[in-house]
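Novice: Numbering (our numbering), first residue to last: 8 to 88.
Cβ coordinates follow ideal geometry from the N, Cα and C atoms, glycine included.
Below is one structure. I have some questions about it.
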Amino acid sequence: MRSSLSIMPAAPLDHNIAECREHADHYKRLSDHYKRLSSASGISKDRATALRNIARTYVGLAGQLDRLASLARNEQTMEVK
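Quick look at the structure:
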């Protein structure tokens with residue numbers, strides 16, 4: 008099975024940094040949403056656990072995207088020097 012994704016040339020670092028930050032913010036909001044769902048009344052313990060795990064996954068992804076943006080910003084600073 009072939010992927011429909013193609014390799015695109017690298018975007019300017021400014022764009023990559025902004026895109027990472029934007030996605031990180033989105034995943035933080037999703038994490039908050041799933042965390043709220045996990046504390047809703049009337050749901051099973053298993054469902055609450057699954058929702059908390061999803062929230063934790065999203066917050067981890069957001070953290071990695073923040074880290075990637077920080078690394079890109081540092082690399083950009085190094086190129087200027």
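Quick check: what's the CA-CA separation for L68 versus M85?
Specialist: Answer to the nearest angstrom: the Cα atoms are 26 Å apart.
Novice: So is A76 buried or exposed if we call it buried at 16+ other beta carbons inside 10 Å?
Specialist: Buried: at least 16 other Cβ atoms inside 10 Å.
Novice: Does the segment 21 to 33 come into contact with the segment 42 to 59, if we say contact requires no fewer than three beta-carbon pairs (one atom in each stretch) closer than 8 Å?
Specialist: no
Novice: Specify the secondary structure class of I50 as computed by DSSP and reduced to three states.
Specialist: coil
Novice: Which whole-angstrom value describes the C-beta separation of I61 and Y41, a residue pair presumed to lie in contact below a C-beta threshold of 8 Å?
Specialist: 5 Å
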